[in-house]
Amino acid sequence: MSFKRTLLSGIAAVALFSSALLPAADAASVSQGVYHTKQAVKVNGYPQTINQLNVNMAKPYTTVEIGLNNPFHKLATVNSLATAHTQINHHVVGAVNASLFHFKNGYPSYLLMNDGIIQHIGAVSTNYNDFMKTPAAFGVTNGNRGKIGKFTLSPTIEHNGKSVTMTSFNRVRNDNESILFTSTWPYATTRTNGTGLEVVVTTTKSVEGGFALGEKVTGTVTAIRPHGEKDPAAVPANGKGYVLSAQGTEAAKIRDIKMGDKVSIAYSVDDTWKDARYMLASGPLLVQNGKVDMTIDPNSLKAKQRTARTAVATDKTGQYVYLVTADSGVRGKSSGMTMAEFANHLVSIGAYNALNLDGGGSTTMVTRKPGNVYPTLANRPSGSIDRSVSAILEAVSTAPYDKAATMTASQAEPGQVGIGASVGFKVNAALDQYLNVVRSIDQKKVELLAVSNGIGRIENNRFIGEKAGKGSVRVGYENAVTDVPVTVTDSIDDIDLSPSVLMLGTGESIELKASGKSKDQAVIFNPDAISLMASGGIGTLDGKVFTAGAKEGTGTITATYGRTKKTVQVTVTDQPVSLSSFESDSGLKATGIRAEASLAAEKSIQARDGKASVRLNYDFTANKEGISAAYLNFTGGLPLASRPKELGVWVYGDGNKHWLRGSLRDGNGKETVVNFTAEDGQDWTGWKYVTAAIPASAPAPLTLDKIYLAERSSAKKDKGFLLFDQLQARYSSKPHQERAFQPSASARAERQDKTFTVKFTQAMDPAYLTDRYVYLEDEFGARQTVTVTPAASDARKVTIQAPAAGYAKSKNYRLVVTHFAKNKQGVTMVKDSITEFKVN
310 MSFKRTLLSG IAAVALFSSA LLPAADAASV SQGVYHTKQA VKVNGYPQTI NQLNVNMAKP
370 YTTVEIGLNN PFHKLATVNS LATAHTQINH HVVGAVNASL FHFKNGYPSY LLMNDGIIQH
430 IGAVSTNYND FMKTPAAFGV TNGNRGKIGK FTLSPTIEHN GKSVTMTSFN RVRNDNESIL
490 FTSTWPYATT RTNGTGLEVV VTTTKSVEGG FALGEKVTGT VTAIRPHGEK DPAAVPANGK
550 GYVLSAQGTE AAKIRDIKMG DKVSIAYSVD DTWKDARYML ASGPLLVQNG KVDMTIDPNS
610 LKAKQRTART AVATDKTGQY VYLVTADSGV RGKSSGMTMA EFANHLVSIG AYNALNLDGG
670 GSTTMVTRKP GNVYPTLANR PSGSIDRSVS AILEAVSTAP YDKAATMTAS QAEPGQVGIG
730 ASVGFKVNAA LDQYLNVVRS IDQKKVELLA VSNGIGRIEN NRFIGEKAGK GSVRVGYENA
790 VTDVPVTVTD SIDDIDLSPS VLMLGTGESI ELKASGKSKD QAVIFNPDAI SLMASGGIGT
850 LDGKVFTAGA KEGTGTITAT YGRTKKTVQV TVTDQPVSLS SFESDSGLKA TGIRAEASLA
910 AEKSIQARDG KASVRLNYDF TANKEGISAA YLNFTGGLPL ASRPKELGVW VYGDGNKHWL
970 RGSLRDGNGK ETVVNFTAED GQDWTGWKYV TAAIPASAPA PLTLDKIYLA ERSSAKKDKG
1030 FLLFDQLQAR YSSKPHQERA FQPSASARAE RQDKTFTVKF TQAMDPAYLT DRYVYLEDEF
1090 GARQTVTVTP AASDARKVTI QAPAAGYAKS KNYRLVVTHF AKNKQGVTMV KDSITEFKVN
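Residue numbers (our numbering): 310 to 1149.
#1: Between the alpha carbons of Lys852 and Ser1042, how many angstroms are there, rounded?
#2: Which of the three DSSP states is assigned to Asn965 in this structure?
#3: What do you reckon, is the C-beta of Lys853 under 7 angstroms from a heavy atom of the ligand NAP?
#4: Would you identify the three-state DSSP class for Asn788, choosing helix, strand or coil?
#5: What does the alpha-carbon distance come out to for the pair Gln556 and Arg696?
#6: Which value, in whole angstroms, describes the spacing of the CA atoms of Gly871 and Asp802?
#7: In angstroms, rounded to a whole number, what distance separates the CA positions of Asp963 and Leu1031?
#8: Which one or two residues does DSSP pair with Tyr355 in a beta bridge?
#9: Assign Glu768 to buried or exposed, taking buried as 16 or more other Cβ atoms, counted over all protein chains shown, within 10 Å of its Cβ.
#10: Suppose you measure from the CA of Lys338 to the CA of Glu703; what does that come to, to the nearest Å?
#11: Work out the CA separation of Gln1093 and Tyr1116 for me, nearest whole Å.
#12: Using a Cβ-Cβ cutoff of less than 6 angstroms, which residues in the same chain neighbour Gln1061 once the five nearest sequence positions on both sides are dropped?
#13: First and last residue of the beta strand (DSSP E) that includes Val726?
#14: Do the segment 650–666 and the segment 568–586 make contact, defined as three or more Cβ pairs closer than 8 angstroms?
#15: Apart from the five residues on each side of it in sequence, which residues of its chain come closer than 7 angstroms, Cβ to Cβ, to Leu330?
#16: What is the residue span of the beta strand (DSSP E) that Thr392 lies within?
#17: With respect to the beta strand (DSSP E) encompassing Leu610, which residues constitute its N-terminal and C-terminal limits?
#18: Could you check the C-alpha separation between Pro684 and Tyr710 for me, to the nearest Å?
#19: Quick one: what's Phe1069 bridged to in DSSP?
#20: Grab the span of the alpha helix (DSSP H) containing Asn653 for me, first residue to last.
#21: Using DSSP with H/G/I as helix, E/B as strand and the rest coil, what is Gln628?
#22: Is it true that the CB of Leu553 sits closer than 8 angstroms to the CB of Leu595?
#23: I'd like to know if Arg1092 contacts chain C, where contact means its C-beta is closer than 8 angstroms to some C-beta of that chain.
#24: Determine contact between the segment 1056–1076 and the segment 1106–1115, defined as no fewer than three beta-carbon pairs at a distance below 8 angstroms.
#25: Distance, Cα to Cα, Ile728 vs Val877?
#26: Quick one: residues in its chain with C-beta nearer than 6 angstroms to the C-beta of Trp996, no 5 flanking neighbours on either side, listed in chain order?
#27: Could you tell me which uninterrupted beta strand (DSSP E) segments, each at least 3 residues in length, are contained entirely in the segment 817–896, listed from first to last along the chain?
#28: Would you be able to state if there are at least three C-beta pairs under 8 angstroms between the segment 541–550 and the segment 491–508?
#29: Among residues of its own chain, excluding the 5 on either side of Val473, which ones have a beta-carbon nearer than 6 angstroms to its beta-carbon?
#30: Since I believe Trp494 is in contact with Asn479 (beta carbons under 8 angstroms), could you give me their beta-carbon distance rounded to a whole number of angstroms?
#31: Here's the rule: buried if 16 or more other CB atoms are within 10 angstroms of the residue's CB, otherwise exposed. What is Val732?
#32: So, is Ala333 buried or exposed, given that buried needs 16 or more other C-beta atoms within 10 angstroms?
#33: Which residues in the same chain as Asp994 place their Cβ atom closer than 7 angstroms to its Cβ, once the five residues preceding and following it in sequence are excluded?
#34: Spatial neighbours of Ser1142 within its chain, please: C-beta separation below 6 angstroms, excluding the five flanking residues on both sides.
#35: Ser318: buried (16+ other C-beta within 10 angstroms of its C-beta) or exposed?
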């Protein structure tokens, strides 16, 4: 079916309702006319798990449709097809797998017709052990009733103004029969003997599908295999042609056809099927006229196999359609059924006619759980995964969207309510009378209607606690009403202060939030009843706002409520606070998306501080599409005290111009991404200090989950490494300069215009003796504008010329030749070469 309506958006496909609101999970209405049950039963001593969708076709807005992918032979899971076909005012509320199909190309094995268009003619059979010995199908009539029954698809040939109808198609030819063979026939030739006549017709379009009933497809005769010739005719490939094969009395139908003649073919079905919106052929029939009557040998291996089963059934009138699955493969729960057992079960639920559908690993049912927008798995497929299949059958609701009829509601703020405290209420989710999710809820229209058990009163649409005890508040919204349990308490056992640890810069302010607990449950109470006191001379309090003093130091803030007290530690500092020294890779993990990534402790290249740093190796080269990223993950996350203003970290770069970022998790569990560099900003080699500002809008407490390197440009997908050291958090707004090194009083003295000559022990590659890999910086990491020149006459030397204005007097600098410098053989240096000097 083709949909031109806008897809649903902004609605999470997750369960929104509790079992208290709606029927139990094993029996529930999924729309106004569709009911789902799940049963655990025993059949002939075998445990079975059976899922059933009852579809009342007489209910408004209710039908069963065929679900096809685009193109129709592209396999997809039942769940993905049902989800894709769910649109505005067109909800797939349940679905099962349907057509048997060919794994090699995805084409259905048997006839598939939708809206008068033949999608695929499929095949039939004469073998009593085959599913389609008796061609049968399921469809829905124009009067919206289910229909199951036998059918005949008749290929009609027109030649020189004369029309003849073939006996059948794509099955073994018997005596006195005329058979049409197309590429759906599983063999390259007709496999007939020489007693018949065969005509090969080639066409420019498919003769297997893509046309309406009665529509002619014309082709040209390209070969004739006369009577008596031993070799059977070859069947044209890819549906672009066919073979007309006739024997005995039927041979006269094609005897006058000659080489080069034009021949047309068209298809028709029985009159009883002409009012069907669609036909989905399958087999065998399991139930006919209310009795077990299978069109397959019940003693055949296919019928006796104990496996997962899927079927569609109808009552006598077609008003009720039943979509039924029986699972297999779970010991003690689902053993699978034989066809006879399945047929008897279908009779027991009221089936008048029933048709077997694809089973085994394909058996799948999805249903829309109450409160969901999209359907999800209802059964357990025998392969433990939702297999990709061909056409499916979908129970569909086309109901309009209406006002809320049922809902779940809760306190706007969770917890017990203290006496004298007030709380509002909110609607969490709602369904209309058709069990559609109410997509937009106006919380301003929520009404509090009544209070039970005398625990409080309603004032200004808020509940106020008055007496300790348990009761409920009746909440109304549109046409929905529900009772929300409420507990009122007159005691607090513990006080929670947020932040639980305070860190901030001098002169900075932060607001404290207080909440209480009673028996480990949150208590809603008037926070003004809590008194706060600061100690240690660290700052002042104005209500719940603490302002740090002008001096750095430590102290405490104590909250008091009656006899209950709570104390939190306070640190006032303008200096960075260490989060990780990266002395080892313990507690860290590397992962990659479209990338390879690994971690190691780096001890060869000098650490920024301490004895080691952490090395993140990345390789983006194998994935040119999409964004590649290599992650340094903090196992369990790295908690950040209070609310830092920025993160800072020392990074030894490789200069490959990727994007260095961080991922924080805020107090609501949502991700906040911060940037240590611009998108192409990792453009340096050697050690450099970088910072990432933390948005003030991110609610505390914050957790640092990962630092990562990302690249979206396929042209820049390379490999390399970064080193990390001294991860810090800053809580002050005051300017801060991070030292690259501590100046040494014993450093060698040099002139302001000093030109350095670095001598290596072996010949070097001049491409790596540039200011990208050789730099000169001051004590705060500011790199100087020096000129780096490889010696023309000696590949073991490089000169570093001072800036035009010279170096600043009385300052210390250091000259760094990074690890990346390579010799003529392409071998890098083991570590950086560092020379510190001071200027006279």
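Each residue gets a CB set at the ideal place from its N, CA and C atoms; glycine is no exception.
Since the model is a prediction, treat every value here as computed from it, not as a measurement.
Answer, in terms of the structure:
#1: According to the sequence shown, residue 852 is Gly rather than Lys. Looking at the two C-alpha atoms, the distance is approximately 23 angstroms.
#2: coil
#3: As for the ligand NAP, it is missing from this structure, which has no ligand bound.
#4: coil
#5: 42 angstroms
#6: 10 angstroms
#7: 6 angstroms
#8: Val352
#9: exposed
#10: Checking the displayed sequence, the identity of residue 338 turns out to be Ser instead of Lys. Spanning the two alpha carbons is a distance of roughly 15 angstroms.
#11: 9 angstroms
#12: Gly1115, Tyr1116 and Val1148
#13: Gln725 to Gly727
#14: no
#15: Summary for Leu330: the model assigns pLDDT 32, below 50, so the residue's position carries little reliability, and this model does not support an answer.
#16: Run containing Thr392: none in the beta strand (DSSP E); it sits in the alpha helix (DSSP H), Val387 to Ala393.
#17: Element bounds for Leu610: not the beta strand (DSSP E) but the alpha helix (DSSP H), Leu610 to Lys613.
#18: 18 angstroms
#19: Bridge partners of Phe1069: none, in fact.
#20: Met648 to Ser657
#21: coil
#22: no
#23: Among the protein chains of the structure shown there is no chain C, as only one such chain exists.
#24: yes
#25: 26 angstroms
#26: Arg917, Trp959 and Tyr961
#27: 818–820, 822–827, 830–833, 840–844, 848–851, 854–857, 862–870, 873–881 and 886–889
#28: yes
#29: Ile466 and Lys562
#30: 5 angstroms
#31: buried
#32: Because Ala333 sits at a pLDDT of 33, beneath the cut-off of 50, its placement in the model cannot be relied upon, and the point is left open.
#33: In the sequence as presented, Asp is not what sits at residue 994; that position holds Thr. Correct list, in chain order: Gly962, Asp963, Gly964, Arg1081, Tyr1082, Thr1127 and Phe1129.
#34: Val1126
#35: Low local confidence applies: a pLDDT of 33 at Ser318 is under 50, so the model's placement there is unreliable, with the coordinate-based value given in what follows. Burial call: exposed.
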